[in-house]
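Novice:
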Amino acid sequence: MSANIKAIQGARILLVEDNSINQQVARETIEGEGLIVEIANNGKEAIAMIAKSDFDAVLMDVQMPEMDGYEATRLIRENPQYSELPIIAMTAHAMSGDKEKCLAAGMNDYITKPIEVDRLFSTLKKWVTPPSHELPSLCEIEAPSEEMDFETLFSDELPGIDIADGLNRLLGNRQLYFELLRDFRTEYQDITNQIKTLLKQGNTEKVLYLLHSFKGVTGNLAINNLSESSKALEMVLKMGDEMTPELLKAFEEAVTDVMNTLAIFNKT
Numbered sequence: 369m370s371a372n373i374k375a376i377q378g379a380r381i382l383l384v385e386d387n388s389i390n391q392q393v394a395r396e397t398i399e400g401e402g403l404i405v406e407i408a409n410n411g412k413e414a415i416a417m418i419a420k421s422d423f424d425a426v427l428m429d430v431q432m433p434e435m436d437g438y439e440a441t442r443l444i445r446e447n448p449q450y451s452e453l454p455i456i457a458m459t460a461h462a463m464s465g466d467k468e469k470c471l472a473a474g475m476n477d478y479i480t481k482p483i484e485v486d487r488l489f490s491t492l493k494k495w496v497t498p499p500s501h502e503l504p505s506l507c508e509i510e511a512p513s514e515e516m517d518f519e520t521l522f523s524d525e526l527p528g529i530d531i532a533d534g535l536n537r538l539l540g541n542r543q544l545y546f547e548l549l550r551d552f553r554t555e556y557q558d559i560t561n562q563i564k565t566l567l568k569q570g571n572t573e574k575v576l577y578l579l580h581s582f583k584g585v586t587g588n589l590a591i592n593n594l595s596e597s598s599k600a601l602e603m604v605l606k607m608g609d610e611m612t613p614e615l616l617k618a619f620e621e622a623v624t625d626v627m628n629t630l631a632i633f634n635k636t
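Under the working numbering, the first residue of the sequence shown carries the number 369, and numbering increases by one thereafter.
Pasting the structure below:
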């Protein structure tokens with residue numbers, strides 16, 4: 369742990385994120401450096417939790433159901449009590465004007481997803497005041513559960529997946545990475561059919577939300593082919609262009625390849 373991170377060890381961070389896989393990636397990364405994380409699943413939950421507990425900073429996803437990060441931040445800032453609470457936006461967007469939109473809503477700063485570990489902690493260090501409360505003792509830290517035989521499942525190479533990058537995002541926790549890849553396959557193996565159905569219904573907004581979430585998850589898990597494919601589809605829809613059969617087929621093939629690769633996890 370760097371001296372910079374030690375200075376804010378023990379800080380209480382509210383993570384506002386609707387996707388369970390992204391929640392686990394962020395929690396492992398942040399708690400692995402000695403900070404304390406609590407989770408809200410959307411903006412409404414975040415507002416309620418902030419009213420009940422003190423936090424040193426908020427990591428706020430901007431696109432969520434129920435209430436998005438922009439609206440939640442505006443409502444939080446309406447209370448003078450929280451005028452100095454650091455709120456850091458997290459978004460899978462990387463378009464011109466996104467940072468300005470976050471700042472205009474009342475956020476202090478902006479980081480992109482997938483989360484870059486160094487950028488995350490440098491941003492937290494910039495805004496978090498070193499906590500005065502006591503750090504949790506070692507006896508309060510939950511012991512790890514018995515690990516599955518991860519090493520025998522596959523080597524350090526999987527088609528379409530940058531294992532080294534994925535492990536880096538989880539501070540080397542191979543067991544958790546295994547579990548998240550397995551959860552990813554279970555949760556998203558039918559995503560192409562979901563998108564096709566929504567497109568037939570003309571529900572472009574729901575497709576955009578699904579692709580945005582999928583892009584963030586695949587980025588955090590370093591499933592780079594799918595992250596780029598979902599980004600391409602998202603951009604087409606945002607530009608108001610038609611989703612061509614060729615684009616959708618390429619996405620479907622990329623999904624199928626990765627799901628077949630990850631099928632080994634469902635045999636354990």
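Don't be surprised by glycine CBs; every beta carbon is placed ideally from N, CA and C.
What distance in whole Å lies between the Cβ atoms of residue 604 and residue 536, which are believed to be in contact at a cut-off of 8 Å?
Specialist: The pair is not a contact, with the Cβ atoms about 31 Å apart (cut-off 8 Å).
Novice: To the nearest angstrom, how far is it from the Cα of residue 549 to the Cα of residue 619?
Specialist: 19 Å
Novice: So residue 556 is in the alpha helix (DSSP H); what residue range does that whole segment cover?
Specialist: Segment 542 to 556, the alpha helix (DSSP H) holding residue 556.
Novice: Mapping DSSP to helix, strand and coil, what is residue 607?
Specialist: Look at residue 607 here: in three-state DSSP terms it is coil, with no helix or strand label.
Novice: Quick test of your reading: residue 387 and residue 584, contact by CB under 8 Å. State the CB separation rounded to the nearest angstrom.
Specialist: 7 Å
Novice: For the segment 590 to 603 against the segment 613 to 633, do three or more pairs of beta-carbon atoms, one drawn from each stretch, fall closer than 8 Å, so that the two count as touching?
Specialist: yes
Novice: Please list, in chain order, all residues of the same chain as residue 384 whose beta carbon is under 6 Å from its beta carbon, the five residues on each side excluded.
Specialist: 408, 414, 428, 429
Novice: Looking at the strands, I want to know which residues DSSP matches up with residue 458.
Specialist: 429, 479
Novice: Of the residues 554, 544, 382, which one's Cα is nearest the Cα of residue 631?
Specialist: Comparing Cα positions, the closest option is 554.
Novice: When you compare each of 441, 436, 563, 419 to residue 471 by their alpha carbons, which one comes out closest?
Specialist: 441
Novice: Would you call residue 586 buried or exposed, if buried means 16 or more other Cβ atoms sit within 10 Å of its Cβ?
Specialist: By the neighbour-count rule (16 or more Cβ atoms within 10 Å), residue 586 is buried.
Novice: Find the nearest neighbour of residue 455 within the set 482, 382, 611, judged by alpha-carbon distance.
Specialist: 382
Novice: If you draw a straight line from the alpha carbon of residue 547 to that of residue 533, how long is it in whole angstroms?
Specialist: In a straight line, the C-alpha of residue 547 is about 16 Å away from that of residue 533.
Novice: Once the 5 residues before and after residue 597 are set aside, which same chain residues still bring their CB inside 6 Å of it?
Specialist: 619, 622
Novice: Between which two residues does the alpha helix (DSSP H) carrying residue 419 extend?
Specialist: Here the alpha helix (DSSP H) through residue 419 covers 411 to 420.
Novice: Candidates 411, 591, 567: which alpha carbon is nearest residue 556's?
Specialist: 591
Novice: Between the alpha carbons of residue 563 and residue 571, how many angstroms are there, rounded?
Specialist: 9 Å
Novice: Cβ of residue 396 within 7 Å of Cβ of residue 541?
Specialist: Taking 7 Å as the Cβ cut-off, residue 396 and residue 541 qualify as a contacting pair.
Novice: With respect to the alpha helix (DSSP H) encompassing residue 496, which residues constitute its N-terminal and C-terminal limits?
Specialist: Residue 496: not part of any alpha helix (DSSP H); DSSP gives it neither H nor E.
Novice: Going by Cα to Cα distance, which pick from 402, 379, 406 is closest to residue 392?
Specialist: 406
Novice: For the alpha helix (DSSP H) holding residue 471, just list the boundary residues, first then last.
Specialist: 466 to 473
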